[in-house]
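Mapping of the sequence shown onto UniProt numbering: position 187 corresponds to residue 187, and the numbering continues sequentially without gaps. Even glycine gets a Cβ: it sits at the ideal position worked out from N, Cα and C. These numbers come from a predicted model, not from an experiment.
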Amino acid sequence: MRQFFLMAALVAAPAAAQGVSLAEVQAALVATTSMTADFVQTAGNGSQARGVMSLQRPGRIRFDYGPGARILVVADGRNLSFIDYKVGQVSQWPVKATPLGVLLDPRADLSRVARVLPDSEVPVPGMVGVVASDPKRPDLGRITFFLSRSAGAPGGLALAGWRVVDAQGQQTQVQLSNIVWNPAIPAGRFAFVDPRRRLMPPGKGG
1 MRQFFLMAAL VAAPAAAQGV SLAEVQAALV ATTSMTADFV QTAGNGSQAR
51 GVMSLQRPGR IRFDYGPGAR ILVVADGRNL SFIDYKVGQV SQWPVKATPL
101 GVLLDPRADL SRVARVLPDS EVPVPGMVGV VASDPKRPDL GRITFFLSRS
151 AGAPGGLALA GWRVVDAQGQ QTQVQLSNIV WNPAIPAGRF AFVDPRRRLM
201 PPGKGG
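Here it is as C-alpha cells:
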C-alpha cells in the first residue's frame, strides 16, 4: 500500500484526557456516524498534502486533495480505492484489509484489536492515543488514532487525527481541523469517475 494512507501531526494541546478507557473510545467512535474535516497529510518523506475529508461509517471515507489534484482516495463501503487520474490507474483493496478498516467499522471490537497508549507514547500532552492492528494479520499494518476531550463531540471525545504504518512499513500522518460531526453526507460522495473507462475502446466495458 502507498504513502497516501494517513496521520497525526497534532499541534495544539487539547483539554486533559488522562484516564480514558478503551470502552470510552469505542463508545465515542460508535456515536460518530459521520464527519467532515479539513486535513493535512504528511508522508514519511515529509511531503504534505491538504484537502477535505468526508467519513461515513460503516466503511466510507473520501479524501479530496483540492483544485488541480489528479489523485483521489475513496472507500465506498467495500473497497478502498486510490485513483490516479494522471495515468488513468485505479488501485483497490478491501476496506477491512487496510489499517483504516478498524476506524471505519462501527462493529469492530476494540478490546480484541487495540490498546490505549501510555501518556509517554502520545505526542501531545492530554491527547489519547489508541493503536490498533489485527493480531491475526499483522502484515496488514497498524493505525494509531488520536482523540481529545471535547464537550461538543459524540461521546465527549474528538478524533484529531491518525498515523498509519502500512504493510510495507511506510508511515503517513493526518491532522484534522474544522471538524463537523454527524452531518448528512450524500451517498454519491463516496463514488468516483473511473478513469479506466475513458481509455477503453468503443464498445468495450459496457
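{"Asked": "8 Å contact criterion, which residue 154 and residue 178 should meet: CB distance rounded", "Found": "The pair is not a contact, with the Cβ atoms about 17 Å apart (cut-off 8 Å)."}
{"Asked": "Span separating the alpha-carbon of residue 79 from that of residue 104", "Found": "12 Å"}
{"Asked": "CB of residue 148 within 8 Å of CB of residue 116, strictly", "Found": "no"}
{"Asked": "Coarse secondary structure for residue 54, derived from DSSP in three states", "Found": "strand"}
{"Asked": "Counted within 10 angstroms of its Cβ, other Cβ atoms place residue 173 as buried (16 or more) or exposed", "Found": "buried"}
{"Asked": "Status (buried if at least 16 other CB within 10 Å, exposed otherwise) for residue 202", "Found": "A caution first: residue 202 carries a pLDDT of 45, below 50, which makes its placement in the model too unreliable to give a value."}
{"Asked": "Residue 146 vs residue 167 beta-carbon contact at 8 Å", "Found": "no"}
{"Asked": "Beta-carbon proximity of residue 192 to residue 60, cut-off 8 Å", "Found": "no"}
{"Asked": "Neighbour-count burial assignment, residue 7, 16 or more Cβ in a 10 Å radius", "Found": "Interpretation of residue 7 is limited by its pLDDT of 36, a score under 50 that renders its predicted location unreliable; the figure taken from the coordinates is listed afterwards. Residue 7 should be labelled buried."}
{"Asked": "Beta-carbon proximity check, residue 65 vs residue 49, cutoff 8 Å", "Found": "yes"}
{"Asked": "Rounded C-alpha distance that separates residue 55 from residue 158", "Found": "14 Å"}
{"Asked": "Sub-8 Å separation of residue 175 and residue 40 beta-carbons", "Found": "yes"}
{"Asked": "Environment of residue 67 [buried if 16+ CB atoms lie within 10 Å]", "Found": "exposed"}
{"Asked": "Boundaries of the beta strand (DSSP E) in which residue 89 is found, first to last residue", "Found": "89-94"}
{"Asked": "Three-state class that DSSP yields for residue 17 in the structure shown", "Found": "Summary for residue 17: the model assigns pLDDT 45, below 50, so the residue's position carries little reliability, and this model does not support an answer."}
{"Asked": "Beta strand (DSSP E) runs wholly inside the stretch 70-134, at least 3 long, in chain order", "Found": "71-76, 79-84, 89-94, 114-116, 128-132"}
{"Asked": "Helix, strand or coil at residue 158 [DSSP, three-state]", "Found": "strand"}
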